[in-house]
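Asker:
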Amino acid sequence: MGSKKLRRVGLSQELCDRLSRHQIVTCRDFLCLSPLELMKMTGLSYRGVHELLCMVSRACAPQMQTAYGIKTQRSAALSPAFLPTTLSALDEALHGGVACGSLTEITGPPGCGKTQFCIMMSILATLPIDMGGLEGAVVYIDTEAAFSAERLVEIAESRFPSYFNNEDKLLLTSSNVHLYRELSCDEVLQRVESLEEEIISKGVKLVIIDSVASVVRKEFDTQLQGNMRERNKFLAREAASLKYLAEEFSIPMPETSHGCQMTGLCWLIKGLWQCLFPGELEEKMQWKKHTQSSVILTNQITTHLSGAPASQADLVSPADDLSPSEGPSGSSCVTAALGNTWSHSVNTRLILQYLGSERRQILIAKSPLAPFTSFVYTIKKEGLVLQGQQRP
Numbered sequence: 049m050g051s052k053k054l055r056r057v058g059l060s061q062e063l064c065d066r067l068s069r070h071q072i073v074t075c076r077d078f079l080c081l082s083p084l085e086l087m088k089m090t091g092l093s094y095r096g097v098h099e100l101l102c103m104v105s106r107a108c109a110p111q112m113q114t115a116y117g118i119k120t121q122r123s124a125a126l127s128p129a130f131l132p133t134t135l136s137a138l139d140e141a142l143h144g145g146v147a148c149g150s151l152t153e154i155t156g157p158p159g160c161g162k163t164q165f166c167i168m169m170s171i172l173a174t175l176p177i178d179m180g181g182l183e184g185a186v187v188y189i190d191t192e193a194a195f196s197a198e199r200l201v202e203i204a205e206s207r208f209p210s211y212f213n214n215e216d217k218l219l220l221t222s223s224n225v226h227l228y229r230e231l232s233c234d235e236v237l238q239r240v241e242s243l244e245e246e247i248i249s250k251g252v253k254l255v256i257i258d259s260v261a262s263v264v265r266k267e268f269d270t271q272l273q274g275n276m277r278e279r280n281k282f283l284a285r286e287a288a289s290l291k292y293l294a295e296e297f298s299i300p301m302p303e304t305s306h307g308c309q310m311t312g313l314c315w316l317i318k319g320l321w322q323c324l325f326p327g328e329l330e331e332k333m334q335w336k337k338h339t340q341s342s343v344i345l346t347n348q349i350t351t352h353l354s355g356a357p358a359s360q361a362d363l364v365s366p367a368d369d370l371s372p373s374e375g376p377s378g379s380s381c382v383t384a385a386l387g388n389t390w391s392h393s394v395n396t397r398l399i400l401q402y403l404g405s406e407r408r409q410i411l412i413a414k415s416p417l418a419p420f421t422s423f424v425y426t427i428k429k430e431g432l433v434l435q436g437q438q439r440p
C-alpha cells in the first residue's frame with residue numbers, strides 16, 4: 049500500500065504541496081525519508097514529524113480482517129463483485145466472471161486470442177450494470193501496439209447489435225476506453241503507479257495490461273544474475289501496485305458503513321475531488337459510492353526441455369504447464385512466462401491454447417473459486433465464442 053497518495057491519508061493540502069515540490073507524493077516516498085529530512089522539508093518539529101510518520105504508517109499498513117467480516121462485506125456490497133465475460137460456461141465455473149479486486153492473467157501463445165479477449169472485456173466493462181457491465185471507464189495499457197479501435201467497434205456491433213444500434217452508444221463506449229502505449233518497463237511502471245487519481249476522476253472499473261511479459265523479456269537478459277534480480281524486483285513492485293489498485297477500489301473496505309452513509313473510501317474520494325475541482329456539487333459524486341475495479345493482464349509462454357538447465361526467472365509450478373510434448377531431445381513443457389515471482393502474484397490464471405486451425409481451448413489453471421477445467425472456443429466477428437454457445 050506504499051503507492052497510496054499522501055493527499056489521501058489526511059495530510060493538509062499545504063503540506064502535500066510542500067512535499068510534492070521535493071517529489072514526495074506517495075506513502076513510500078514519505079516513509080523512506082529520515083525524520084531529519086522531513087523536518088527540513090516540512091518545517092515541523094521532531095514531534096510533529098513523528099506524528100506524521102505514525103499517521104502515514106497507519107494509513108498504508110494492511111488492516112486485520114476476520115473471515116466473517118469479509119463475508120459480510122461481500123454479501124452487503126451493492127455493486128457486482130464480478131465482471132461477466134459473457135462466455136456462459138466460463139462465467140459459471142468462475143462463479144460470475146472476472147473477480148473485481150483481484151489480478152486475472154490471460155496467457156498463451158501468439159495469435160490465440162489474448163488481445164481479442166482483452167478488447168472484448170473492455171467493451172463489457174463500459175456496458176450498463178443491467179447488461180452485466182460495470183458502467184465505467186477502462187484503462188488499457190498496450191505494450192505491443194496490438195490494440196485495434198476498429199476491432200473494438202466490430203466486436204461491439206456484432207456481440208450486442210441491439211444495444212449498439214446507433215453511433216452515440218459506440219462513441220460513448222469507445223470514449224470510455226483510455227489507451228496508453230507504453231513500450232518500456234519504466235513507462236509501464238510509471239503509468240501503473242500514477243493511475244490512482246485517474247481511477248477516481250474517470251470512474252475506471254477495469255485496468256488491462258497487454259502484455260506484461262513483452263517489455264520485461266525485451267529489457268532483461270535472465271542469463272545475467274544481476275538482470276534476474278532487477279527483473280524480479282520490477283515484477284514484484286508492479287504486482288504490488290496493481291494489487292493495491294485492485295483491492296483499494298474494489299468491494300467495500302473494512303471501514304465501510306453501508307446504507308445511506310457514504311463509505312470511508314468514498315469520503316476520501318470526495319475530499320480529493322473537492323481539492324481537484326472545488327465547487328462541484330455533492331450529487332456529482334453519487335456514482336462513486338461503490339467504486340470497484342478489476343485488473344486483467346496478458347502473459348506470454350516459455351518452453352522448457354527436460355534435462356536442460358532453466359532460468360529461475362522463468363520457472364513456474366507444474367500446475368501452470370500448458371502442454372507436454374516430445375521432441376528429439378526428449379520431453380518438454382510449455383509454461384506461462386515470468387517465473388515464480390509473477391506466478392504467485394496473480395489470483396486467477398486463464399490459459400489459451402490451440403486445438404487446431406480454428407478451434408482453441410481456454411483452461412482455468414489457477415483460481416481461488418474454480419477447479420481446473422477447460423472450454424473449447426473459436427474467434428469470430430463478435431470475439432470469443434464458446435463451442436455450442438448462443439450469441440449473448
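Taking the working numbering, the leading residue of the sequence shown gets 49, the next gets one more, and so forth.
Glycine included, each C-beta is placed from N, C-alpha and C at the ideal position.
#1: If we count the other Cβ atoms within 10 Å of its Cβ and call it buried at 16 or more, is Y425 buried or exposed?
#2: I349 and P157: beta carbons closer than 9 Å?
#3: I344 lies in the beta strand (DSSP E); which residues open and close that run?
#4: Below 8 Å on the Cβ atoms is my contact criterion, and I expect E64 with R55 to pass it. Report the Cβ-Cβ distance as a whole number of Å.
#5: Terminal residues of the continuous beta strand (DSSP E) containing Q435?
#6: Between which two residues does the alpha helix (DSSP H) carrying H98 extend?
#7: For my contact list, C148 and S341 are in at a C-beta cut-off of 8 Å; report their separation, rounded to the angstrom.
#8: For D190, does the count of other Cβ atoms within 10 angstroms reach 16, so buried, or fall short, so exposed?
#9: Mapping DSSP to helix, strand and coil, what is Y116?
#10: Using the C-alpha atoms, what's the distance from T152 back to H143?
#11: With H, G and I counted as helix, E and B as strand and the rest as coil, what does DSSP make of I317?
#12: In its own chain, which residues sit with a C-beta less than 6 Å from the C-beta of V394, not counting the 5 before and 5 after it?
#13: Where T383 and L59 are concerned, what is the direct C-alpha to C-alpha distance, given to the nearest angstrom?
#14: What is the rounded straight-line gap between the Cα of V364 and the Cα of K88?
#15: Quick check on this structure: which residue in V97, T74, V73, H70 has the alpha carbon closest to the alpha carbon of S36?
#16: Would you call A385 buried or exposed, if buried means 16 or more other Cβ atoms sit within 10 Å of its Cβ?
#17: Contact between the region 219-231 and the region 171-180 is defined here as three or more beta-carbon pairs at a separation below 8 Å; is this criterion met?
#18: Beta-carbon separation of E246 and H226 under 9 Å?
#19: Assign E99 to buried or exposed, taking buried as 16 or more other Cβ atoms, counted over all protein chains shown, within 10 Å of its Cβ.
#20: Sort out for me which residues DSSP pairs I412 with in a bridge.
#21: Name the DSSP beta bridge partners of E202, please?
#22: Residues in the same chain with beta-carbon distance under 7 Å from G327, minus the five sequence neighbours each way, listed in chain order, please.
#23: State the DSSP-derived secondary structure class of T221, mapped to helix, strand or coil.
#24: W243 to V255, Cα distance in whole Å?
#25: Comparing alpha-carbon positions, which option in S405, T90, Y211, T421 lies nearest R69?
#26: DSSP three-state label for T152, please.
#27: Among the candidates T396, L79, L135, L92, whose CA atom is the shortest distance from the CA of E62?
#28: State the DSSP-derived secondary structure class of Q360, mapped to helix, strand or coil.
#29: For P302, I'd like the list of residues in its chain whose CB is within less than 6 Å of its CB, leaving aside the five on either flank, ordered along the chain.
#30: I need the straight-line Cα distance from T304 to D269, nearest angstrom please.
#31: Measuring straight from C-alpha to C-alpha, what distance separates E230 and S196?
#32: Using DSSP bridges, identify the partner residues of Y188.
#33: State the DSSP-derived secondary structure class of T350, mapped to helix, strand or coil.
#34: For I412, which of E140, R285, K253, R66 has the nearest alpha-carbon?
#35: What separation, rounded to the nearest whole angstrom, lies between the Cα atoms of T74 and K53?
#36: Going along the chain, which residues of its own chain have a beta-carbon closer than 8 Å to the beta-carbon of Y211, five neighbours each way excluded?
Answerer: Walking through what the data contain:
#1: Per the 10 Å Cβ criterion, buried.
#2: Yes; because the gap between Cβ atoms is below 9 Å, this pair is in contact.
#3: Boundaries of the beta strand (DSSP E) harbouring I344: 342-347, taken from the DSSP string.
#4: For clarity, residue 64 is Cys in the given sequence; the question names Glu instead. 5 Å between Cβ atoms; contact.
#5: Going by DSSP, Q435 is part of no beta strand (DSSP E) at all; its letter is neither H nor E.
#6: Per DSSP, the unbroken alpha helix (DSSP H) holding H98 starts and ends at 94-108.
#7: Contact between C148 and S341 is confirmed by a C-beta separation of about 7 Å, below the 8 Å threshold.
#8: By the 10 Å Cβ count, D190 comes out buried.
#9: Note: Y116 maps to helix in three-state DSSP.
#10: Roughly 14 Å between the two C-alpha positions.
#11: Summary for I317: the model assigns pLDDT 34, below 50, so the residue's position carries little reliability, and this model does not support an answer.
#12: The answer, listed in chain order, is L151, E153.
#13: The straight-line gap from Cα to Cα measures roughly 46 Å.
#14: Low local confidence applies: a pLDDT of 45 at V364 is under 50, so the model's placement there is unreliable, with the coordinate-based value given in what follows. In this structure, the straight-line span from the alpha carbon of V364 to that of K88 is close to 47 Å.
#15: Residue 36 lies beyond the residue range present for the chain, which begins at 49 and ends at 440; the question has no answer from this structure.
#16: Result: buried.
#17: Counting Cβ pairs under 8 Å, three or more are found: they touch.
#18: Against a cut-off of 9 Å, the Cβ pair of H226 and E246 comes out as a contact.
#19: Taking all protein chains in view, the Cβ of E99 is surrounded by fewer than 16 other Cβ atoms within 10 Å, so the residue is classified as exposed.
#20: Bridge partners of I412 according to DSSP: L398, T421.
#21: E202 has no beta-bridge partner at all, per DSSP.
#22: The predicted position of G327 is uncertain, since its pLDDT is 44 and thus under 50; no value can be drawn from it.
#23: Here T221 carries a helix assignment [DSSP, helix/strand/coil].
#24: The sequence given here places Leu at residue 243; Trp does not occur at that position. The C-alpha of V255 is placed about 9 Å away from the C-alpha of L243.
#25: The candidate whose alpha carbon is nearest that of R69 is T90.
#26: The DSSP-derived three-state label of T152 is strand.
#27: For the residues T396, L79, L135, L92, the minimum Cα distance to E62 belongs to L92.
#28: With a pLDDT of only 45 at Q360, under 50, the local geometry of the prediction cannot be trusted, and no value is derived from it.
#29: Unreliable positioning characterises P302 in this predicted model, as indicated by a pLDDT of 20, which lies under 50. The coordinate reading is nonetheless provided below. Cβ within range, chain order: Q111, Q113.
#30: With a pLDDT of only 22 at T304, under the threshold of 50, the placement of this residue in the model should not be trusted; the figure read from the coordinates follows. Looking at the backbone, the Cα of T304 and that of D269 are separated by about 45 Å.
#31: Rounded to whole angstroms, E230 and S196 show a C-alpha spacing of 15 Å.
#32: Partner(s): L227, I256.
#33: Under the three-state reduction of DSSP, T350 is assigned to strand.
#34: The shortest C-alpha to C-alpha distance from I412 to any of E140, R285, K253, R66 is the one to E140.
#35: For T74 and K53, the distance between alpha carbons rounds to 4 Å.
#36: Excluding positions up to five away in sequence, the list reads L175, M179, K217.
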